[in-house]
Amino acid sequence: MTIDRRNALRLTSLAVAGAGTATAPAVAARAAGPRAGSGRPTARQLVLTGKRTAADIPDVLVPGTPYFVHYELRDADGEPAGTESAQCTPVTVGPDGAFVLASLVLLLADGMLTASTAFARPLPALTEVLVAPRRWSHLFAVTGGTGAYDAATGSVTIEHLSREDDVLTVDLD
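Put into structure tokens, the structure is as follows:
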């Protein structure tokens, strides 16, 4: 199945809007951290696990051809915590991997976090195997947020454990 850029963006938008809304009431208390009296979030860390539920990663990455991924997130107790969606665009592709620009949206019960990065990604043939997958990680800079994450700053580290599983460590200033 071929998905053009416009349809990929629509699917990502629908996934973020729909999936996060379904889980929002159940996770408000668990995902929220304390707030300082100034109205800005206090320094805190969220560790979430993700299970990939949608993606359109091509077998061969092509510069300028975007792809997306979508994960359902769970907290440390295994309870639903929201969704993770990323739109990625390879800039260069070589025999050892690609250099990719990516925008990330974490839709949590108490707000949304956005982040951005540029990173070296191993080629799908190396990372998408079902047996003995290659672990890899990358770091996003938090670019903002809404709700409890209004004006958020910090970072998001994503460690890809396998084709379907990742761990997100969100460090907020």
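Residues in the sequence shown are numbered consecutively from 3, following our numbering. We treat Cβ as the ideally placed atom computed from N, Cα and C, and that holds for glycine.
Taking the straight line between their C-alpha atoms, what separation do you get for residue i and residue j?
| i | j | result |
| --- | --- | --- |
| phenylalanine 142 | glutamate 74 | 18 Å |
| threonine 125 | glycine 52 | A small fix is needed here, since residue 125 is leucine in this sequence, not threonine. Their Cα atoms are separated by approximately 21 Å. |
| glutamate 161 | glutamine 47 | 15 Å |
| alanine 88 | histidine 72 | 7 Å |
| valine 95 | proline 60 | 13 Å |
| threonine 14 | alanine 78 | Because the pLDDT of threonine 14 is 39, which lies under 50, any placement of that residue in the model is unreliable, and the question is left without a value. |
| aspartate 168 | arginine 137 | 9 Å |
| glycine 149 | leucine 63 | 36 Å |
| glutamate 166 | leucine 174 | 26 Å |
| phenylalanine 101 | cysteine 90 | 10 Å |
| serine 164 | alanine 56 | 14 Å |
| arginine 76 | arginine 54 | 12 Å |
| leucine 108 | phenylalanine 121 | 19 Å |
| alanine 33 | tyrosine 151 | With a pLDDT of 40 at alanine 33, under the threshold of 50, the modelled position of that residue is not reliable, and the figure given next carries that caveat. Cα-Cα distance, rounded: 11 Å. |
| threonine 67 | valine 144 | 24 Å |
On the criterion of 16 or more Cβ atoms from any shown chain inside 10 Å, does residue i qualify as buried, or is it exposed?
| i | result |
| --- | --- |
| proline 92 | buried |
| glycine 113 | buried |
| alanine 45 | exposed |
| aspartate 98 | exposed |
| proline 65 | exposed |
| glycine 156 | buried |
| alanine 153 | exposed |
| glutamate 86 | buried |
Taking 8 Å as the threshold (beta carbon to beta carbon), is residue i in contact with chain D?
| i | result |
| --- | --- |
| tyrosine 151 | Absent from the structure is chain D; it holds one protein chain and no more. |
My guess is that residue i and residue j are in contact by the Cβ rule of under 8 Å, so how many angstroms apart are they, rounded?
| i | j | result |
| --- | --- | --- |
| leucine 103 | alanine 83 | With 8 Å as the limit, leucine 103 and alanine 83 do not qualify as a contact, their Cβ atoms being about 26 Å apart. |
| threonine 171 | glycine 146 | Not confirmed; about 19 Å, so no contact. |
| valine 158 | leucine 106 | 6 Å |
Starting from residue i, follow its DSSP beta bridges and name the residues at the other end.
| i | result |
| --- | --- |
| valine 62 | The partner list for valine 62 (beta bridge, DSSP) is empty, contrary to what the question assumes. |
| glutamate 1 | A query on residue 1 cannot be resolved here, the shown segment of the chain reaching from 3 to 175 and no further. |
| tyrosine 69 | Cys90 |
| leucine 110 | Gly113 |
| alanine 2 | It is not possible to answer for residue 2, since the shown part of the chain is limited to 3 through 175. |
| threonine 159 | Leu141, Thr171 |
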